[in-house]
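There are 2 protein chains.
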Amino acid sequence: MSRVYNFSAGPAMIPEEVLRQAQEEMLDWHGLGMSIMEVGHRGPEFQAVLEQVEADMREVLSIPSNYQVLFVAGGASHQFSMVPLNLLSEHNKHADYLETGVWSRKAVIEAKRYGTINVAGQVITENGIHRLPLQPELNLNPKAAYLHYTPNETVDGIEFHWVPQTGKVPLVADMTSSILSHPIDVNQYQLIYAGAQKNIGQAGITVVIVREDLVKEALSFTPILYSYKVHVEHKSVYNTPPTYAIYLAGLVLNWVQRQGGLKVIGERNQRKSKKLYSCIDQLSDFYMNKVAPDCRALMNVVFSLKREDLTEEFLNQAAQAGLANLRGHRAAGGCRASIYNAMPEAGVDCLVEFMKDFAKKNG
Amino acid sequence: MSRVYNFSAGPAMIPEEVLRQAQEEMLDWHGLGMSIMEVGHRGPEFQAVLEQVEADMREVLSIPSNYQVLFVAGGASHQFSMVPLNLLSEHNKHADYLETGVWSRKAVIEAKRYGTINVAGQVITENGIHRLPLQPELNLNPKAAYLHYTPNETVDGIEFHWVPQTGKVPLVADMTSSILSHPIDVNQYQLIYAGAQKNIGQAGITVVIVREDLVKEALSFTPILYSYKVHVEHKSVYNTPPTYAIYLAGLVLNWVQRQGGLKVIGERNQRKSKKLYSCIDQLSDFYMNKVAPDCRALMNVVFSLKREDLTEEFLNQAAQAGLANLRGHRAAGGCRASIYNAMPEAGVDCLVEFMKDFAKKNG
Numbered sequence: 114m115s116r117v118y119n120f121s122a123g124p125a126m127i128p129e130e131v132l133r134q135a136q137e138e139m140l141d142w143h144g145l146g147m148s149i150m151e152v153g154h155r156g157p158e159f160q161a162v163l164e165q166v167e168a169d170m171r172e173v174l175s176i177p178s179n180y181q182v183l184f185v186a187g188g189a190s191h192q193f194s195m196v197p198l199n200l201l202s203e204h205n206k207h208a209d210y211l212e213t214g215v216w217s218r219k220a221v222i223e224a225k226r227y228g229t230i231n232v233a234g235q236v237i238t239e240n241g242i243h244r245l246p247l248q249p250e251l252n253l254n255p256k257a258a259y260l261h262y263t264p265n266e267t268v269d270g271i272e273f274h275w276v277p278q279t280g281k282v283p284l285v286a287d288m289t290s291s292i293l294s295h296p297i298d299v300n301q302y303q304l305i306y307a308g309a310q311k312n313i314g315q316a317g318i319t320v321v322i323v324r325e326d327l328v329k330e331a332l333s334f335t336p337i338l339y340s341y342k343v344h345v346e347h348k349s350v351y352n353t354p355p356t357y358a359i360y361l362a363g364l365v366l367n368w369v370q371r372q373g374g375l376k377v378i379g380e381r382n383q384r385k386s387k388k389l390y391s392c393i394d395q396l397s398d399f400y401m402n403k404v405a406p407d408c409r410a411l412m413n414v415v416f417s418l419k420r421e422d423l424t425e426e427f428l429n430q431a432a433q434a435g436l437a438n439l440r441g442h443r444a445a446g447g448c449r450a451s452i453y454n455a456m457p458e459a460g461v462d463c464l465v466e467f468m469k470d471f472a473k474k475n476g
Numbered sequence: 114m115s116r117v118y119n120f121s122a123g124p125a126m127i128p129e130e131v132l133r134q135a136q137e138e139m140l141d142w143h144g145l146g147m148s149i150m151e152v153g154h155r156g157p158e159f160q161a162v163l164e165q166v167e168a169d170m171r172e173v174l175s176i177p178s179n180y181q182v183l184f185v186a187g188g189a190s191h192q193f194s195m196v197p198l199n200l201l202s203e204h205n206k207h208a209d210y211l212e213t214g215v216w217s218r219k220a221v222i223e224a225k226r227y228g229t230i231n232v233a234g235q236v237i238t239e240n241g242i243h244r245l246p247l248q249p250e251l252n253l254n255p256k257a258a259y260l261h262y263t264p265n266e267t268v269d270g271i272e273f274h275w276v277p278q279t280g281k282v283p284l285v286a287d288m289t290s291s292i293l294s295h296p297i298d299v300n301q302y303q304l305i306y307a308g309a310q311k312n313i314g315q316a317g318i319t320v321v322i323v324r325e326d327l328v329k330e331a332l333s334f335t336p337i338l339y340s341y342k343v344h345v346e347h348k349s350v351y352n353t354p355p356t357y358a359i360y361l362a363g364l365v366l367n368w369v370q371r372q373g374g375l376k377v378i379g380e381r382n383q384r385k386s387k388k389l390y391s392c393i394d395q396l397s398d399f400y401m402n403k404v405a406p407d408c409r410a411l412m413n414v415v416f417s418l419k420r421e422d423l424t425e426e427f428l429n430q431a432a433q434a435g436l437a438n439l440r441g442h443r444a445a446g447g448c449r450a451s452i453y454n455a456m457p458e459a460g461v462d463c464l465v466e467f468m469k470d471f472a473k474k475n476g
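As given, the protein sequences belong to chains V and H, one line each in that order. Residues 114 to 476, numbered by this note's numbering, are exactly what the first sequence covers, in order. Residues 114 to 476, numbered by this note's numbering, are exactly what the second sequence covers, in order.
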């Protein structure tokens, strides 16, 4: 079968060029007579890959030199533990969290096991429309060890298009579903983490970008591989890291560079999401999105059909038309079009046409 | 370049058939129009892969039904923390460890952070020859929460060819470098774990085989994803697992099945290691192995040159002859031929010929 448009929320679509390169290099990487998957993590070949991936990540995200870039095994859920274990201390076990959806809620639950957590902001629903809290609505603790938030909530399709101001309190962001989707100013954060399976590549690795002054001794009972300090001191190879996932992240970053970097990518993503939200709004008798326009997610367009009983038919017909994985998260129901970087504009155009057509036939 | 014989200790050689299949399926898995890397971990496609990989693991290793098979992100070093965090309790913080090389030593160091560790056995050196302790030489604590050992030490090339008897004390084995190398009786163990990057596939995932009665509440401060109970309850998908690594493990297991299973694989590995050790012993004026014959590793043949100054030349000439990554571990020096399942007998034959030839020219 030819490649389909895959709207999966993650693990998600990977640029075809990247897959083709990985395919080509599978048995013989750079004339070495073996796959990069088969080489030792401390050998010169993989060390060169690791250094280059870090350099490319720094270049693409304009990461200042006083930030460390780490590649940590596992997904963002591991970070839900690592953040409090590393940033809380015996002297300060207070942290602020914005709880704005499924993922930030999970982060709160795990953090509460290690400290006193203040939920400093939540989603506000007015007339059935959901919006994020505004800066003056945040109940910030100026003595918190950090504030954690999730700029984009994939399940709920709701995104901060501004950065919370926390004064001297370090800002920690779970960017799993928003990293590389548009340019950011890393200086506004003290710690950023992102599971790879949306815009970076293969599930099983998380990128952590942390300002050096935040790297210190973790709480005494922290498992050794949950310590940022250990990862920093060993340059992400205290133990064998997920080497192939790191290699693949490098191919994706090179693809981002070839596209023209995050400015071009961000503009393309704006066009993609605008097309979809416009379609939903124009066909408001048929489709619904209940997120306030200025809080709508760039990467995850959540919508439902007014006639809920048509949802299965919609999903089936879409799949037959080569538009796969549009089902909403099991916690949310309805539909969701995840349009990460690898989703071409043509895929969004196809979906818009399909949605118009489906509404016409069933409206 | 054509494929070389890769003696890397891990990440290590992967069967060429497996890489070819992965290559072929990279852009379109089973006619789905996408890579298995790009599908959601809760969708029917990946769930089917996960179930099949577990079934194949159970079939290949004859795992009884009262054992759980888990796929956990990260490597064996994560298990160095997970084992004590899950098997120690407030009532019993005592555990026995056999400390027989680099890896079991690391396991001891981490375990000491959580409990009172009794080193119940160590390597014994007599007349310059290293051997493992015998059963009567073990200093076992009958009240230990468990005994942990490392059947094969990759750095040191030393392997238990028998299973320690611990009475009612649960036996925990780090089989990272020995799993799938020969048949085992899973019933003799209560918990087995193995990082994938030797005989299972891609770095970044660890297989945990645990008898159900050992799965209980972890110590109170255990991060959620370090709890075996959480992994059991969520069937390895509490969060997004390393999906591609799991898929690849499945391809490797199918390859093992096509070879005729672990009996055939084990016999082949015996032939491979015997050829190498015989070569070393026959050329004892030139090569040395200091492990007692009945403790020599099946998978990692460690040796050195009597004329240490020839080591670099040996490694260089070997590499030129397509025999790659024969350098010993940085902690051990010398040479090491890791001859995991994917290393064909022809690769070992080539190495033996090369070693004979090198000894002749330089002896």
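Here a beta-carbon is modelled for each residue, glycine too, at the ideal position from N, C-alpha and C.
Residue i in three-state terms, based on DSSP
i, result
"His261(H)", "strand"
"Phe334(H)", "coil"
"Asn413(V)", "strand"
"Glu138(H)", "coil"
"Val215(H)", "helix"
"Val350(H)", "coil"
"Phe344(V)", "Per the sequence presented here, residue 344(V) reads as His, with Phe not at that position. His344(V) falls in the helix class under three-state DSSP."
"Asp407(H)", "helix"
"Glu203(V)", "coil"
"Ser451(V)", "strand"
"Ile313(V)", "coil"
"Asp422(H)", "helix"
"Ile230(H)", "strand"
Under 8 Å from the C-beta of residue i: neighbouring residues of chain V
i, result
"Arg116(H)", "Leu140, Asp141, Gly146 and Met147"
"Leu338(H)", "Gly187, Ser190, His191 and Ser194"
Inter-residue spacing [alpha-carbon to alpha-carbon] between residue i and residue j
i, j, result
"Pro355(V)", "Glu158(H)", "23 Å"
"Ala432(V)", "Asn402(V)", "21 Å"
"Val465(V)", "Ala161(H)", "31 Å"
"Asn352(V)", "Arg155(V)", "10 Å"
"Leu201(V)", "Asn300(V)", "21 Å"
"Leu211(H)", "Gly234(H)", "5 Å"
"Ser340(H)", "Leu198(V)", "16 Å"
"Asp141(H)", "Ala455(V)", "16 Å"
"Arg381(V)", "Val461(V)", "11 Å"
"Leu506(H)", "Glu325(V)", "As shown, chain H starts at 114 and ends at 476. That puts residue 506(H) outside it, with no answer to give."
"Glu330(H)", "Ala135(H)", "38 Å"
"Met63(H)", "Leu132(H)", "Only positions 114 to 476 of chain H appear in this structure, which leaves residue 63(H) out of reach."
"Ala358(H)", "Asn179(H)", "25 Å"
"Ala186(H)", "Gln192(V)", "13 Å"
7 Å Cβ cut-off: residues of chain V touching residue i
i, result
"Met150(H)", "Pro124, Ile127 and Gln315"
"Gln136(H)", "Gln136, Met139 and Leu140"
Same chain, Cβ closer than 8 Å to residue i, neighbours up to 5 away in sequence not counted
i, result
"Lys206(V)", "Tyr227, Gly228, Thr229 and Ala258"
"Ile176(H)", "Met170, Val182, Val299 and Ile322"
"Ala444(V)", "Val215 and Val268"
"Tyr390(V)", "Asn402, Pro406, Arg409 and Val414"
"Asn254(V)", "His207, Asp209, Asn231, Ala233 and Val282"
Proximal residues of chain H, C-beta to C-beta of residue i below 7 Å
i, result
"Leu389(V)", "Simply none; closest approach about 20 Å."
"Glu223(V)", "Ile337"
"Phe334(V)", "Phe334"
Proximal residues of chain H, C-beta to C-beta of residue i below 9 Å
i, result
"Tyr357(V)", "Pro124, Gln315, Ala316, Gly317, Tyr357, Ala358 and Leu361"
"Arg133(V)", "Met139 and Leu140"
Close Cβ partners of residue i (< 6 Å) along its chain, the five nearest in sequence each way excluded
i, result
"Ala437(V)", "Val117 and Asn119"
"Asn252(H)", "Ala233"
"Gln310(V)", "Gly123, Pro124 and Ala316"
"Gly396(H)", "Rather than Gly, the amino acid found at residue 396(H) in this sequence is Leu. Closer than 6 Å at the Cβ level, and outside the excluded window around Leu396(H), lie Ala472."
"Ser194(V)", "Glu223"
"Ala307(V)", "Met288, Thr289, Ile292 and Val320"
Residue-chain proximity (residue i, chain A), Cβ-Cβ < 7 Å
i, result
"Gln310(V)", "The question asks about chain A, but that chain is absent: this structure's protein chains are V and H."
Chain-ordered neighbours of residue i on chain V, where CB pairs are closer than 9 Å
i, result
"Pro157(H)", "Those within 9 Å of Pro157(H) in chain V number zero; the least Cβ separation is about 11 Å."
Other residues of its chain near residue i: CB distance less than 7 Å, five sequence neighbours each side excluded
i, result
"Met126(H)", "Asn119, Tyr453, Ala455 and Met456"
"Val221(V)", "Tyr210, Glu212, Ile230 and Val232"
"Gly241(V)", "Lys403"
Under 8 Å from the C-beta of residue i: neighbouring residues of chain H
i, result
"Asn438(V)", "Val152, Gly153 and Gly156"
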